[in-house]
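Note that UniProt numbering numbers the sequence shown so that position 144 is 144, with each residue one more than the last. Single-structure report; data block below.
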Amino acid sequence: MLQIKSIADKRGYYGEFGGAWIPEMLRPNIKELEAHYLGILNDPDFQKTFRNLLTEYTGRPTPLYFAERLSKQYQTNIWLKREDLNHTGAHKINNTIGQVLMAEHLGKKRIIAETGAGQHGVATATVCALRGLECVVHMGALDVERQAPNVARMKMLGATVVPATSGNKTLKDATNEALRDWINNPADTFYVIGSVVGPHPYPEIVTQLQSVISAEIAEQFKAKTGKSEPDYVMACVGGGSNAAGAFYHFLNTGVKLVGIEAAGKGLHTEEHAATINFGRTGILHGAKSLLIQTDDGQVVEPYSISAGLDYPGIGPLHAWLHQTGKAQFLGVDDQEALDAAVELTRLEGIIPALESAHAFAALKKLDFKKNDNVVINLSGRGDKDMATYLKALDLK
């Protein structure tokens with residue numbers, strides 16, 4: 001059964017981060033969700049349907065795979081949590097199944113979502129098709145261009161894809177448009193947020209639904225090695241949903257937790273999405289967290305070769321983990337991520353999503369011991385990124 005154990009306090013705060021910083025027009029929607037989400041998550045019928053769909057529809061549990069050649073390369077033991085083998089190709093569907101079921105419990109017939117790389121949009125459109133619900137996905141116009149295969153998949157699944165043309169036309173702007181849509185359609189619409197961001201209780205909901213990842217890692221690692229827990233768990237971080245899911249069951253253990261954010265064209269440049277490295281406390285999309293901003297508080301447009309990581313903020317849980325030292329966060333630039341993607345492909349025959357490739361690049365930045373056990377959450381597969389790979393790697 002899913003373990004419902006809240007990390008945030010009653011107001012939705014992780015230390016000083018979190019809360020629900022929302023306009024008055026959104027308050028009824030958030031209050032309705034806040035009043036019902038724990039009851040729904042703990043409802044036996046919800047849990048039964050959720051677990052059945054994860055098993056029979058998405059293919060869970062995903063394997064915990066020992067990467068033999070990659071382990072030899074880094075002289076340590078490296079395990080891959082294969083979230084890329086989920087139906088739709090990423091961890092995102094764990095969350096969308098749960099949130100769409102939650103919408104049904106609340107009597108909502110119209111689903112909206114935001115998406116960056118398209119993985120969350122595809123996962124939302126997939127579950128809406130399965131359950132017969134209307135689906136509208138807001139996506140930055142630039143991301144619509146660079147993630148064309150996922151846009152086509154969403155449309156084939158029956159979703160309406162609405163390009164966001166404001167700002168730098170990426171994930172931040174898509175989220176703005178999704179929030180405006182929700183304000184204008186409060187009665188029949190449920191907003192399926194794709195990461196551990198947004199106003200309380202969304203960071204808690206997404207963390208709980210994605211915690212199936214760390215629950216499986218703990219169980220599978222013990223079964224395969226006889227040891228209680230690995231030495232490291234690593235995951236890439238944009239908003240932070242796959243990392244929150246991979247970290248959850250290890251938060252109060254001795255496991256070293258490592259998040260990897262996008263350093264874009266380098267931490268020495270202004271073109272990055274390194275929220276932890278350069279972020280300051282501020283408010284974005286309904287939550288108090290770390291975000292990259294100017295001295296007068298204007299949000300700085302982020303940059304990354306990875307559409308799923310170029311978000312100027314970070315989930316409040318991760319801001320708290322960083323502040324308290326419970327997790328370490330490293331920056332990986334575009335070229336390092338591309339090199340790591342090629343390395344994984346050539347050593348293990350697995351093409352990772354560009355987001356996931358950032359986590360693998362961090363292997364070169366840590367000093368592992370020979371007997372360490374390192375788990376990397378392989379959050380998605382690289383099919384959607386082939387156009388970017390072909391261009392960046394000059395493959396002909």
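From the three backbone atoms N, C-alpha and C, an ideal C-beta is built for every residue, glycine too.
query, result
"Whole-angstrom C-beta distance between Ala113 and Val137, which should lie under 8 Å", "5 Å"
"Cβ-based neighbour list, Ala20, same chain, cut-off 7 Å, excluding 5 preceding and 5 following", "Gly12, Ile30, Pro199, His200 and Gly286"
"Same chain only: Cβ atoms within 7 Å of Ile71, ignoring 5 sequence neighbours per side", "According to the sequence as given, residue 71 is Ser; it is not Ile. If we look at Ser71 and ignore the five residues flanking it on each side, its Cβ neighbours are Asn77 and Ile78."
"Alpha-carbon spacing of Ser228 relative to Leu290, whole angstroms", "33 Å"
"Local Cβ density within 10 Å of Ala273, reported as buried at 16 or more and exposed below that", "buried"
"Proximity below 8 Å, CB of Gly240 to CB of Gly315", "yes"
"Beta-carbon proximity of Ala244 to Leu317, cut-off 8 Å", "yes"
"Rounded C-alpha distance that separates Ser166 from Lys155", "22 Å"
"Helix, strand or coil at Leu393 according to DSSP, with G and I counted as helix", "coil"
"Where the beta strand (DSSP E) through Ile292 begins and ends", "Unbroken run through Ile292: none, as it is neither H nor E."
"Exposure of Ser6, with buried meaning 16 or more beta-carbon neighbours within 10 Å", "exposed"
"Inter-residue Cα distance where the pair is Asp333 and Thr160", "33 Å"
"Expected contact under 8 Å - CB spacing of Leu378 and Glu68 to nearest Å", "With 8 Å as the limit, Leu378 and Glu68 do not qualify as a contact, their Cβ atoms being about 15 Å apart."
"Sequence-distant residues of the same chain with beta carbon closer than 8 Å to Tyr37, five excluded per side", "Met102, Pro201, Glu204 and Ile205"
"From Glu134, Thr58, Glu219 and Ile97, residue whose alpha carbon lies closest to that of His249", "Glu219"
"Residues of its chain near Glu261, where Cβ-Cβ distance is below 8 Å and the 5 sequence neighbours each way are ignored", "Cys236, Val237, Gly238, Ala273, Ala274, Thr275, Ile276, Asn277, Leu309, Ile314, Phe329, Leu330, Gly331, Val332 and His358"
"Buried/exposed call for Arg280, threshold 16 Cβ in 10 Å", "exposed"
"For Leu26 and Ile183, the rounded distance between their alpha carbons", "6 Å"
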